[in-house]
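Note sheet for the following structure.
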Amino acid sequence: MATITIRNLDETTKDGLRMRAARNGRSMESEVRALLDAAVKSMPGHGLGSRIHRHFSEINEPIEVAHRVERARAADFAE
Numbered sequence: 020m021a022t023i024t025i026r027n028l029d030e031t032t033k034d035g036l037r038m039r040a041a042r043n044g045r046s047m048e049s050e051v052r053a054l055l056d057a058a059v060k061s062m063p064g065h066g067l068g069s070r071i072h073r074h075f076s077e078i079n080e081p082i083e084v085a086h087r088v089e090r091a092r093a094a095d096f097a098e
């Protein structure tokens, strides 16, 4: 895990983080970690679909898709 230091943080921001952390039952460090994680995960390209695409993007082979022979039927839950 990486460690960072934040210098010149405004006192108002620091107090807001302290209050937010207390409200959430976390330390200030844990609160900042949660905020940073949420910010990075909300960035475009970090969703599940994007991660799956990156994982398989190096495969350069065509994928054969089986075609249905008959039409799909709705499930019958009456039994």
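Take 20 as the starting number for the sequence shown in the working numbering and just add one per residue.
Just so you know, even glycine gets a beta-carbon here, dropped at the ideal spot from N, CA and C.
**Prompt:** Relative to the C-alpha of residue 36, which residue among 24, 22, 52 and 72 is closest?
**Reply:** Translated into the one-based positions of the sequence shown, residue 36 becomes position 17. Of the candidates 24, 22, 52 and 72, the residue whose Cα lies closest to the Cα of residue 36 is 52.
**Asked** Where does residue 35 sit, in a helix, a strand or coil, going by DSSP?
**Response** If you number the sequence shown from 1, residue 35 lands on position 16. Of the three classes helix, strand and coil, the one that applies to residue 35 here is helix, per DSSP.
**Message:** Check for me: the alpha helix (DSSP H) holding residue 71 runs from which residue to which?
**Reply:** Position 52 of the sequence shown, counting from 1, holds the residue named residue 71. Secondary structure note for residue 71: its alpha helix (DSSP H) is the uninterrupted segment 67-75.
**Asked** Can residue 39 and residue 50 be called in contact, C-beta distance under 8 Å?
**Response** Position 20 of the sequence shown holds residue 39. Position 31 of the sequence shown holds residue 50. Contact: yes.
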